[in-house]
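Structure first, commentary second.
Below is the structure:
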């Protein structure tokens, strides 16, 4: 595909000063990225692995590219992940995915929060068939010889096809079935008011000291929409993997696949179908 340079002028956010993760009362900010840098440059590769190639999962269409056409810092302290339709007649797409080099383990006796502010591109929702943005976590065990879903996966936000509904899902255990009912997972969902900025958060509460009463809760703009406890999962090994083992962040925009289905002739690409991220942050209670 030949790209016109004028197409790739960054879609700048309305804020031009640095986004700093908000103060959470009773919590310490442990790690964050506010995506500082010049427009049309890559995110910090000391903090993020920028994925290249086709992962061949979920029958998705996209090939991930580390090009700033698909993954870039905006120059306005945001990250932009942008899907593009390839003009080769084969229905191919390129898009972006980054995975944090940073890992964290929810602390025993504490509350732990993972959080980001995210908005979606301004293309009409009915022109986003097949577009699948996500903010999620995987067990670091997958990087060291482990397998999915036993490594654990926590989807903090997924949305598909432009629908204004966010999904939070836990994947764990074995497949098919198992404690997380794979491949479906244990999930909840919530209406998204609009495509503008919203805060997506997941919180581990391990203050009880007992895995059975520990819980993991999903929030949109501070309002709970899904929760899983040790008791409701009823599987110590699976709960331990997602509450007491290292996890890493992932931000990506997939295209097509088993869940959303595939783009159609109305699907638009580019900045209007992007996912934009103001910051990613990890907090631990005092």
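Numbering (mature numbering (1 follows the signal peptide of the UniProt record, and there is no 0)), first residue to last: -18 to -1, 1 to 268. Cβ atoms here follow ideal geometry from the backbone N, Cα and C, with glycine treated the same way. Bear in mind that the values here come from a model prediction, so they are computed numbers and not experimental data.
Beta-carbon proximity of residue i to residue j, cut-off 9 Å
i	j	result
residue 140	residue 114	yes
residue 11	residue 173	no
residue 207	residue 150	yes
residue 121	residue 128	yes
residue 240	residue 67	no
Between the CA atoms of residue j and residue i - distance to the nearest angstrom
i	j	result
residue 95	residue 69	41 Å
residue 253	residue 177	13 Å
residue 53	residue 26	11 Å
residue 238	residue 79	15 Å
residue 144	residue 118	18 Å
residue 38	residue 89	34 Å
residue 153	residue 29	25 Å
residue 195	residue 225	12 Å
residue 229	residue 204	22 Å
residue 6	residue 15	16 Å
residue -15	residue 84	Summary for residue -15: the model assigns pLDDT 31, below 50, so the residue's position carries little reliability, and this model does not support an answer.
residue 271	residue 191	Past the boundaries of the shown model lies residue 271; the chain is included only from -18 to 268, so the question cannot be answered.
residue 158	residue 19	44 Å
residue 57	residue 116	22 Å
residue 167	residue 135	9 Å
residue -7	residue 193	Here the model assigns residue -7 a pLDDT of 46, short of 50, so the residue's position is not dependable, and the following value carries that caveat. Taking the straight line from one Cα to the other gives about 44 Å.
residue 74	residue 163	32 Å
residue 4	residue 181	10 Å
residue 1	residue 13	14 Å
residue 24	residue 55	6 Å
residue 202	residue 146	12 Å
residue 217	residue 72	45 Å
residue 244	residue 213	37 Å
residue 35	residue 242	21 Å
residue 17	residue 106	26 Å
residue 33	residue 165	24 Å
Nearest to residue i (by Cα), restricted to the options the options
i	options	result
residue 268	9, 15 and 20	9
residue 108	201, 162, 249 and 263	249
residue 131	214, 161, 72 and 145	161
residue 48	31, 59 and 172	31
residue 82	215, 125 and 191	125
residue 189	266, 85 and 202	266
residue 51	33, 156 and 76	76
residue 209	228, 187 and 246	187
residue 97	198, 251 and 138	138
residue 246	84, 4, 112 and 22	112
residue 175	148, 157 and 55	148
residue 215	181, 156 and 251	156
residue 171	163, 200, 164 and 181	200
residue 142	4, 110 and 169	110
residue 197	55, 2 and 91	91
residue 211	169, 21 and 23	169
residue 93	183, 24 and 71	183
residue 22	72, 244, 59 and 242	59
residue 123	227, 17 and 242	227
Opposing strand residues paired with residue i [DSSP bridges]
i	result
residue 11	265
residue 184	96 and 200
residue 120	135 and 230
residue 260	Partner(s): none; residue 260 has no beta bridge.
residue 75	44 and 67
residue 29	Partner(s): none; residue 29 has no beta bridge.
residue 194	BP columns for residue 194 are empty, so no partner.
residue 205	202
residue 224	In DSSP, residue 224 forms no bridge with anything.
Are the region 208 to 227 and the region 32 to 44 touching, with three or more C-beta to C-beta distances below 8 Å?
no
Spell out a yes or no on whether the region 49 to 63 and the region 226 to 242 are touching, meaning 3 or more CB-CB pairs, one atom from each, closer than 8 Å.
yes
Could you say if the region 251 to 261 and the region 102 to 116 meet the contact criterion of at least three C-beta pairs nearer than 8 Å?
Short answer: they touch.
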